[in-house]
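Novice:
Chains as they are written, first to last, in the working numbering: chain A, 2 to 118; chain B, 9 to 123.
#1: On the three-state DSSP scale, how would you describe residue 123 of chain B?
#2: How about the stretch 81-95 of chain B and the stretch 17-27 of chain A: do they share at least three Cβ pairs that are nearer than 8 angstroms?
#3: Please report the straight-line C-alpha distance between residue 32 of chain A and residue 93 of chain A, rounded to a whole angstrom.
#4: For residue 26 of chain B, which of B:74, B:104 and B:112 has the nearest alpha-carbon?
#5: When we look at the beta-carbon of residue 9 of chain B and count the other beta-carbons within 10 Å, is it buried (16 or more) or exposed?
#6: Excluding the 5 residues flanking residue 104 of chain B on each side, which residues of the same chain have their C-beta closer than 7 angstroms to its C-beta?
#7: Tell me where the beta strand (DSSP E) around residue 81 of chain B begins and ends.
#8: What are the residues that DSSP puts in a beta bridge with residue 98 of chain B?
#9: Identify each residue in the stretch 76-92 of chain B for which the Cβ-Cβ distance to at least one residue of chain A is less than 9 angstroms, and report them in chain order.
#10: Compute the Euclidean distance between the alpha carbons of residue 83 of chain A and residue 114 of chain A, then round it to the nearest angstrom.
#11: In the DSSP assignment, what are the bridge partners of residue 92 of chain A?
#12: Since I believe residue 90 of chain A is in contact with residue 108 of chain A (beta carbons under 8 angstroms), could you give me their beta-carbon distance rounded to a whole number of angstroms?
#13: When you compare each of A:23, A:58, A:15 and A:14 to residue 48 of chain A by their alpha carbons, which one comes out closest?
#14: Does residue 10 of chain B come out as helix, strand or coil in the three-state DSSP assignment?
#15: Specify the secondary structure class of residue 20 of chain A as computed by DSSP and reduced to three states.
#16: Assuming residue 77 of chain A is part of the beta strand (DSSP E), what are its boundary residues?
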């Protein structure tokens with residue numbers, strides 16, 4: 002089955018710097034990868050989706066890269082702010098022959114990002 | 009447009025009991041997925057319902073079941089509760105069947121504590 006690895010340790014970044022989070026996966030080649038943000042006591046919120054044929058995707062201060070050779074996605078937050086502190090989850094879905102994800106969305110355990118003022 | 013709602017938000021049960029959780033998707037969304045989130049295992053997929061039919065199922069025992077009604081609202085049931093079932097149960101809805109095309113919108117979750 003698909004395995005997704007994210008940095009389990011908290012990532013401490015100084016305000017204003019760029020935060021970079023890593024998502025590595027094994028066994029399959031997903032056509033799409035998604036990133037979510039989760040705040041304590043809340044459900045995840047969708048941030049970005051990147052396709053396998055897209056090397057990079059941007060949305061305001063967020064940037065995601067997708068390297069299918071390395072089986073890795075990087076998530077960047079530029080000019081980070083304390084309000085960006087949260088847990089960030091990557092998720093992928095396998096484009097099965099049925100057209101849907103046989104295992105639903107598979108999530109990494111997330112990386113807890115702390116932006117210090 | 010109202011978001012995904014889940015009830016109840018918090019629940020305390022004892023071992024052996026059964027529990028039913030409810031999820032109302034965003035209006036117009038036809039797919040509802042359920043996830044279990046624990047500190048050790050992270051977010052794990054339970055099942056997906058689309059048009060009142062279970063379409064996908066994760067690797068959970070048969071004690072976990074669900075259903076979807078004609079208005080797309082969904083319920084999830086856990087029978088014979090075990091201590092390890094203590095978790096945050098999240099419901100997510102999407103316009104169409106869960107796939108790479110679809111963004112999932114999560115509810116706030118139901119925090120279940122089994123004593």
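Virtual Cβ for every residue (Gly too), placed ideally from N, Cα, C.
Specialist: Reading off the structure:
#1: The residue given as residue 123 of chain B occupies position 115 in the second chain. Reduced to three states, the DSSP call for residue 123 of chain B is coil.
#2: Output reads no: the stretch 17-27 of chain A does not touch the stretch 81-95 of chain B.
#3: Position 31 of the first chain, counting from 1, holds the residue named residue 32 of chain A. Position 92 of the first chain, counting from 1, holds the residue named residue 93 of chain A. Approximately 8 angstroms, taken between the alpha carbons.
#4: Against the second chain, residue 26 of chain B aligns to sequence position 18. If you compare the alpha carbons of B:74, B:104 and B:112 with that of residue 26 of chain B, the shortest gap goes to B:74.
#5: In the second chain, counting from the first residue as 1, residue 9 of chain B sits at position 1. Flag for residue 9 of chain B reads exposed.
#6: Numbered from its first residue, the second chain carries residue 104 of chain B at position 96. Setting aside the 5 residues that flank it on each side, residue 104 of chain B is surrounded in the same chain by 38, 39 and 110, each with a C-beta closer than 7 angstroms to its C-beta; the list follows chain order.
#7: Counting from one through the second chain, the residue named residue 81 of chain B turns up at place 73. In the DSSP assignment, residue 81 of chain B falls outside any beta strand (DSSP E), carrying neither H nor E.
#8: Taking the second chain and counting its residues from 1, one reaches residue 98 of chain B at position 90. Answer by DSSP bridge pairing, in chain order: B:43.
#9: Using a CB distance below 9 angstroms, no part of the stretch 76-92 of chain B faces chain A.
#10: Within the first chain, residue 83 of chain A is the residue found at index 82, counting from 1. Within the first chain, residue 114 of chain A is the residue found at index 113, counting from 1. If you take the alpha carbons of residue 83 of chain A and residue 114 of chain A, they lie about 10 angstroms apart.
#11: Looking up residue 92 of chain A in the first chain gives position 91. Beta-bridge analysis with DSSP links residue 92 of chain A to A:35 and A:108.
#12: Position 107 of the first chain, counted from the start, is the residue given in the question as residue 108 of chain A. Position 89 of the first chain, counted from the start, is the residue given in the question as residue 90 of chain A. Confirmed, Cβ separation roughly 5 angstroms.
#13: Along the first chain, one-based indexing puts residue 48 of chain A at 47. Of the candidates A:23, A:58, A:15 and A:14, the one whose C-alpha sits nearest the C-alpha of residue 48 of chain A is A:58.
#14: Position 2 of the second chain, counted from the first residue, corresponds to residue 10 of chain B. Here DSSP, grouped into helix, strand and coil, assigns residue 10 of chain B to coil.
#15: Position 19 of the first chain, counted from the start, is the residue given in the question as residue 20 of chain A. Strand at residue 20 of chain A.
#16: Mapped onto the first chain, residue 77 of chain A falls at position 76. Where residue 77 of chain A is concerned, the enclosing beta strand (DSSP E) starts and stops at 73-78.
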